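Counting from 2, one number per residue, gives the positions in the sequence shown under the numbering used here. A short write-up of the structure that comes next.
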Amino acid sequence: MKMFGGFGSAFFEAYHRIVPKTEPVEEYEDRVRLYELYHHLNHHAIFGAGYRSGAVSIMQKLLKKYGD
């Protein structure tokens with residue numbers, strides 16, 4: 002939802018008035034990152050190394066928060 006620029010904050014505010022963020026709400030953005038990671042990895046597999054750094058960045062952020 003945020004890859005390639007995504008949508009503006011007004012869109013997400015309107016969207017979440019209709020479709021509320023799921024529980025746990027405090028981890029919502031992390032779930033968005035995880036979903037985006039799938040697309041970075043898919044693009045890396047199809048189009049090559051240009052998407053590697055984006056995938057690595059997302060993984061590092063998630064591992065920093067959840068990794069042990």
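Think of the CB as a built atom: it goes at the ideal place given N, C-alpha and C, for glycine as much as any other residue. If you're wondering where the values come from, they're calculated on a predicted model, not measured in any experiment.
Straight across, the Cα-Cα distance linking glycine 51 with histidine 45 is about 7 Å.
Between the beta-carbon of glutamate 37 and that of isoleucine 59 there is about 6 Å, and that keeps the pair under the 8 Å contact cut.
For leucine 63 against aspartate 31, the beta-carbon gap comes to about 6 Å, under 8 Å, which counts as contact. DSSP places methionine 60 inside the alpha helix (DSSP H), whose first and last residues are 53-67. Counting every other CB atom within 10 Å of its CB across the protein chains shown gives histidine 41 a total of 16 or more, marking it as buried.
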